[in-house]
Amino acid sequence: MTETTALKLPGLGQDYQPRPGSRAARLLQPIAKDVAAELAKQFGVCVKPVWLRRTNTATGETELISVPCGATSAAKCEPCAEANRRLRMQQIREGWHLTEEPVTTPDAPTDEQRELVEYRAVLEFARTSVVMAAEWEQVAELDAEIDQVDEQITAAGIRGSVLPGGRKDGTDGQESAPARKRSTKRRQDAPDLPRLPVANRTIPHPHIGSDGREHRDSMFLTLTLGSYGPIHSAYHRRGRVQTCECGELHGQHDPRLGTPVDPDSYDYRAAALDCIHFAKVLDRFWQNLRRAVGWNVQYAGSTEMQKRLAPHGHFAIRGALPRKLVRQVAAATYHQVWWPAHDRLVYDPDGPLPTWDATEKTYRDPDTGAALPTWDEALDAIDDDPDAEPVHVARLGTVNVKGVRGGSESAEKTIRYITKYIAKDITDAVSPDSRAQEEHMARLAVELQVLPCSPTCPNWLLYGIQPKNAKATARPGGARARCISGARSASPVGASWSLGSGRTRPSLTTAPTGRRG
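So this is what it looks like as structure tokens:
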């Protein structure tokens with residue numbers, strides 16, 4: 001039998017060149033917009049500038065100017081994200097090993113600023129008088145004038161509000177709900193913590209070595225979450241690979257690394273809940289650490305995803321702390337989630353969902369038409385239950401502490417390591433390379449798609465509860481939470497020292513402390 005070879009069609013060969021001027025030849029030509037974007041990236045210029053109209057208030061002349069978009073994600077604008085990353089690196093260099101307290105004393109007010117605030121006080125006194133006399137037309141006139149003065153105060157360079165807490169007479173139209181108070185008593189299953197008054201300083205006392213010299217070393221801290229079940233890991237001990245819990249040896253590039261040994265027994269729900277509340281438990285850790293050491297501990301850091309798809313944080317801490325104390329604080333740190341129960345779905349995401357009643361501004365059951373409990377009503381039920389328990393308790397897991405000396409090569413490597421993923425997406429760091437990793441990510445995504453991520457999350461409708469500030473546009477499963485939609489690797493844990501706070505706030509701030517409960 002004679003074999004015949006089919007003739008190769010034109011265009012299939014590697015050396016085939018399309019006819020000049022043809023459609024195929026035009027498709028091979030580079031696009032001008034893409035070339036411009038590549039040049040912008042090469043020279044570090046914003047690829048998505050924002051155009052603003054600037055008007056000279058003296059002459060009335062108007063012109064258009066372009067400013068960088070300021071994106072912090074490389075997926076949106078790579079040059080701006082890289083500039084932001086380098087800014088964070090410089091801020092950590094300057095703020096990590098400070099030896100003197102940064103100056104944060106505000107400037108003295110000018111005469112103009114004093115006059116504006118004094119006039120604002122006169123208007124507030126006059127408004128209080130007409131409110132007591134129920135002269136509401138004059139109240140409206142004074143409110144309009146007060147708004148103008150407030151704008152002038154801001155333009156004069158005064159920050160903050162003259163009445164930060166609002167008016168006590170309730171006539172400002174801002175009715176705030178009373179804060180819910182919960183017991184601050186520590187859990188019985190959590191170790192006790194030392195508590196000292198937090199001194200108003202951000203730099204610890206120097207350590208005096210045996211040679212009599214002062215040492216101001218700092219620390220590099222890594223915080224992780226607990227275990228949800230055995231996973232395939234490449235353990236190393238004394239330079240040798242140890243046997244995994246599955247009984248095999250895994251190399252560094254084994255596609256099973258980070259996946260559960262037994263996916264059916266792996267606690268995906270707890271992993272998803274810890275992912276959602278990771279920022280809260282970190283916030284609680286820093287609060288506890290400051291109370292334990294007795295001074296305002298400063299830090300800068302970012303979070304990224306591990307192979308097992310659990311977040312962990314890397315932090316540069318100013319000053320050296322006892323490692324035993326840091327581990328003790330981490331072991332005793334927890335965050336209780338006082339939310340309505342959401343362990344059982346009331347409505348199937350693929351079935352009939354609660355409908356919006358435009359007249360009553362509420363969601364109703366699709367079958368009975370009964371209004372769903374509001375967010376406040378669900379919380380009231382928790383407050384009225386003396387045996388109520390938190391729906392979830394997030395805790396920290398492994399803690400790794402390392403000392404770093406300022407100005408050393410190790411310090412520079414640590415800074416680069418902390419900011420490595422600050423401009424990237426989580427999906428860039430945890431792209432699945434095998435079927436096992438894809439299945440692991442899919443199982444975790446299934447939990448995240450139905451779990452509520454905040455009080456305003458539309459997923460509360462799946463559990464028969466209206467989300468806080470419910471709107472007609474709520475769509476369960478479509479929440480844009482960081483942990484659901486593929487958020488940035490640099491989470492809002494941010495930084496807390498005076499040279500750059502957080503990944504988008506280069507200002508003088510202190511990291512927030514968590515609420516009680």
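Under UniProt numbering, think of the first position of the sequence shown as 1, with each following residue one higher. Just so you know, even glycine gets a beta-carbon here, dropped at the ideal spot from N, CA and C. Note that the structure is predicted; figures quoted are calculated from it, not measured.
query, result
"What's the gap between the Cα of Asp-27 and the Cα of Lys-41?", "Note on residue identity: the sequence assigns Leu, not Asp, to residue 27. About 24 Å."
"If I follow the unbroken alpha helix (DSSP H) through Arg-86, where does it start and stop?", "78-96"
"Per DSSP, which residues does Val-401 bridge with? Please list them.", "Leu-221"
"According to the Cβ coordinates, are Phe-220 and Val-103 closer than 8 Å?", "no"
"First and last residue of the beta strand (DSSP E) that includes Tyr-363?", "362-364"
"If you follow the alpha helix (DSSP H) that Ile-465 is in, where does it begin and where does it stop?", "Note, Ile-465: premise wrong, no alpha helix (DSSP H); not H, not E."
"Going by alpha carbons, who is nearest to Pro-354 out of Ile-465, Asp-107, Arg-213, Arg-308?", "Ile-465"
"Runs of 3 residues minimum, wholly inside the stretch 311-356: which ones carry the beta strand (DSSP E) assignment?", "311-317, 334-337"
"Looking only at its chain, what residues have a beta carbon closer than 6 Å to the beta carbon of Pro-255, apart from the 5 residues adjacent to it on each side?", "Asp-433, Ser-434"
"What would DSSP say about Pro-20, mapped onto helix, strand or coil?", "coil"
"List the whole-angstrom C-beta distance separating His-277 from Val-329, where the pair is believed to meet the contact cut-off of C-beta under 8 Å.", "Not a contact, Cβ separation roughly 18 Å."
"Residues in its own chain within less than 8 Å of Asp-267 by CB, not counting five upstream and five downstream?", "Tyr-228, Gly-229"
"Alpha carbon to alpha carbon, how far is Ser-408 from His-207?", "18 Å"
"Compute the Euclidean distance between the alpha carbons of Pro-366 and Arg-127, then round it to the nearest angstrom.", "49 Å"
"I believe Ala-370 touches Arg-364 by the beta-carbon criterion, under 8 Å. Please report the beta-carbon distance rounded to the nearest angstrom.", "6 Å"
"Within 10 angstroms of its Cβ, does Val-47 collect 16 or more other Cβ (buried), or is it exposed?", "buried"
"Tell me the rounded alpha-carbon separation between Pro-352 and Thr-374.", "19 Å"
"If you follow the beta strand (DSSP E) that Thr-414 is in, where does it begin and where does it stop?", "Note, Thr-414: premise wrong, no beta strand (DSSP E); alpha helix (DSSP H) at 409-418."
"Quick one: is Tyr-16 buried, meaning 16 or more other Cβ sit within 10 Å of its Cβ, or exposed?", "exposed"
"Ends of the beta strand (DSSP E) at Thr-473?", "No beta strand (DSSP E) contains Thr-473, which DSSP labels as neither H nor E."
"Which stretch, first to last residue, makes up the beta strand (DSSP E) that contains Trp-51?", "50-55"
"Could you check if Asp-283 is buried or exposed, using at least 16 other CB atoms within 10 Å of its CB as the buried criterion?", "buried"
"I need the straight-line Cα distance from Ala-37 to Ala-24, nearest angstrom please.", "24 Å"
"Where does Ser-129 sit, in a helix, a strand or coil, going by DSSP?", "helix"
"Between the C-alpha atoms of Thr-154 and Ala-474, what's the straight-line distance to the nearest angstrom?", "36 Å"
"If you count every other CB in all the chains shown that lies within 10 Å of the CB of Tyr-421, and 16 or more means buried, which is it?", "buried"
"Out of Ala-341, Val-326, Tyr-235, Leu-379, which one is the CA nearest neighbour of Leu-223?", "Val-326"
"In this structure, does DSSP put Pro-260 in helix, strand or coil?", "strand"
"For Arg-240, write down the residues that DSSP places opposite it in a beta bridge.", "Arg-237"
"Can you tell me whether DSSP reads Arg-395 as helix, strand or coil?", "strand"
"Taking all protein chains shown into account, decide if Arg-344 is buried (16 or more other Cβ within 10 angstroms of its Cβ) or exposed.", "exposed"
"Between Gly-313 and Gly-301, is the Cβ-Cβ spacing less than 8 Å?", "yes"
"I'd like the list of long-range same chain contacts for Asp-192, defined as Cβ closer than 8 Å, with 5 residues on each side in sequence excluded.", "Arg-186, Ala-332"
"Span of the beta strand (DSSP E) holding Leu-273?", "Leu-273 -> not in any beta strand (DSSP E); alpha helix (DSSP H) instead, spanning 268-276."
"Kindly list the residues whose CB is nearer than 6 Å to the CB of Gly-260, restricted to its own chain and excluding five residues on each side of it in sequence; keep chain order.", "Sequence inspection shows Pro at residue 260; the Gly mentioned does not correspond to that position. Excluding sequence neighbours, Pro-260 sits near Gly-229, Ile-231, Tyr-266."
"I'd like the list of long-range same chain contacts for residue 597, defined as Cβ closer than 6 Å, with 5 residues on each side in sequence excluded.", "In the structure as shown, the chain starts at 1 and stops at 517, and residue 597 therefore has no counterpart that could be examined."
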